[in-house]
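Everything on this sheet refers to the single structure shown next.
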Amino acid sequence: MAQKLAKVIEVRSASIIEGGKINPAEALKMLEVGLDNLSPTGVSYDLLDQLFPLKETIGIKVNTLVGKIMSTSPEMAYSLAEILHRQGHKKKNIIIWDRREDELSRAGYKITTRGSDYLCFATDTRGVGFARELFSYKTVGSLISRIQTELTDSVVNFPILKDHSLAGLSGCLKNYFGVIHNPNKYHENNCDPYQADLYSMNIIKGKQKLAVFDAVRVQFNGGPGYVPRWATDYKAVLLATDAVALDRVALEIIDRLRTQNGLAKLKDSGREAISINTSGNAGLGCAELDKIEWIVTEV
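Residue numbering for the sequence shown follows my numbering, starting at 24 and increasing by one per position.
Structure follows, in structure tokens:
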């Protein structure tokens with residue numbers, strides 16, 4: 024049996040969607056159970072204390088490209104913020120963010136730039152913008168959002184689970200295309216090796232302490248936009264400290280859903296998520312499914 028190098032927790036709930044809407048109380052419960060299972064001690068706050076020292080400012084990088092139905096849900100993002108607040112962080116030191124204010128608003132978030140409550144704003148929010156320094160590594164050279172470089176000490180990578188017409192998977196690695204000024208330059212060859220090279224930067228990977236997938240609704244074909252025909256209520260959330268391992272499990276879920284619905288796997292459809300293996304080969308995380316401890320639980 025292959026030695027397990029990473030752990031991914033999948034938490035499912037049959038009651039997460041009620042009346043077509045996500046139940047915030049159930050979202051909170053799912054995240055708490057997931058963090059308990061991810062923690063070496065079985066206690067979520069032991070893990071959080073290790074990952075997020077108090078007095079740090081934490082950024083929760085969501086993905087709101089598509090709109091309300093197929094974006095990281097506010098119910099999930101604010102539930103995670105609440106857990107971090109209960110750990111001891113001040114609400115104003117937790118920033119939920121993405122690249123554009125209009126995308127956040129369409130996904131159901133309220134732009135909040137000051138005050139004692141949780142903050143929520145974007146790179147294009149007035150006074151934010153990109154850092155002046157050009158960050159580069161191998162094939163990538165980009166300006167990076169000041170939220171990533173200056174305004175946060177640690178980051179939670181919190182995308183929604185969906186496929187992508189070019190990259191194959193719109194996941195944790197792809198979510199960081201939303202922090203740079205020129206993602207349009209990096210979509211050739213299934214976004215490879217650009218996703219891995221961007222993630223290799225210390226200003227990116229070095230700040231990421233936790234990765235979470237909103238998998239309540241999953242787009243398994245036709246992404247990154249919302250196509251109802253190929254979307255399903257998967258009713259889960261996935262958590263890991265290894266974003267590459269999380270993407271590898273997410274890829275497996277996408278392929279299983281595609282197979283169940285009579286579609287070819289991404290690799291066989293010309294959209295292989297190459298960057299996952301590239302990232303694994305670069306030592307950025309575990310890309311081999313048989314070396315990932317994938318724990319599925321229900322609440």
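Every residue, glycine too, gets a C-beta built ideally from N, C-alpha and C. Quantities reported herein were computed from a predicted structural model and do not represent experimental measurements.
Fewer than three Cβ pairs drawn from the region 150-158 and the region 122-130 lie within less than 8 angstroms of each other, which leaves the two stretches out of contact. Here Leu-262 is not near Ile-40, since their CB atoms are 9 angstroms or more apart.
Per the Cβ contact rule, the region 184-192 is in contact with the region 274-293 (3 or more Cβ pairs under 8 angstroms). Taken through DSSP and simplified to helix, strand or coil, Asp-220 comes out as helix.
When C-alpha distances from Leu-54 are compared across Ser-298, Lys-258, Arg-294, Asn-300, the shortest belongs to Lys-258. The shortest CA-to-CA distance from Gln-231 to any of Asp-237, Pro-47, Ser-223 is the one to Ser-223. Around the beta carbon of Asn-225, fewer than 16 other beta carbons sit within 10 angstroms, so the residue counts as exposed.
Within its own chain, the residues whose Cβ lies closer than 6 angstroms to the Cβ of Asp-176, once the five positions on either side in sequence are excluded, are Glu-79, Thr-80, listed in chain order.
As the crow flies, the alpha-carbon of Asp-147 is around 34 angstroms from that of Glu-275. In chain order, Gly-82, Ile-118, Trp-120, Thr-146, Val-151 place their CB closer than 7 angstroms to the CB of Ile-170, counting only its own chain and leaving out the 5 sequence neighbours on each side. If you look at His-108, you'll find it in the alpha helix (DSSP H) that goes 97-110.
In the three-state scheme derived from DSSP, where H, G and I count as helix and E and B as strand, Gln-283 is classed as helix. Remark: three or more beta-carbon pairs, one from each stretch, lie closer than 8 angstroms, so the region 237-252 and the region 90-99 are flagged as touching.
Collapsing the DSSP output to three states places Ala-234 in a strand. Listed in chain order, the non-local C-beta contacts of Leu-71 below 6 angstroms within the same chain comprise Gln-110, local neighbours out to five positions each way being set aside. Remark: C-beta atoms of Lys-113 and Ser-139 approach each other more closely than 9 angstroms.
Here Leu-103 has Leu-54, Ile-83, Val-179, Phe-181, Val-235 as same chain residues with Cβ atoms under 8 angstroms from its own Cβ, once five neighbours each way along the sequence are excluded. Beta bridge pairing from DSSP links Gln-242 with Lys-185, Ala-254.
As computed with DSSP, Tyr-160 is found in a beta bridge with Val-163.
If the five residues before and after Gly-191 are omitted, its C-beta is found closer than 7 angstroms to the C-beta atoms of Asn-213, Leu-289, Arg-294, Glu-295, Ala-296, all from its own chain and listed in chain order. Shown here, Arg-129 sits in a helix according to DSSP, grouped into three states. The C-beta separation of Ile-299 from Ala-310 comes to about 5 angstroms, placing the pair in contact by the 8 angstroms criterion. The three-state reading of DSSP puts Ser-36 in coil, since its state is none of H, G, I, E or B.
The C-beta distance from Leu-233 to Leu-74 rounds to 6 angstroms, short enough to fall under 8 angstroms.
If you check the CB distance, Gly-303 and Val-267 come in under 9 angstroms.
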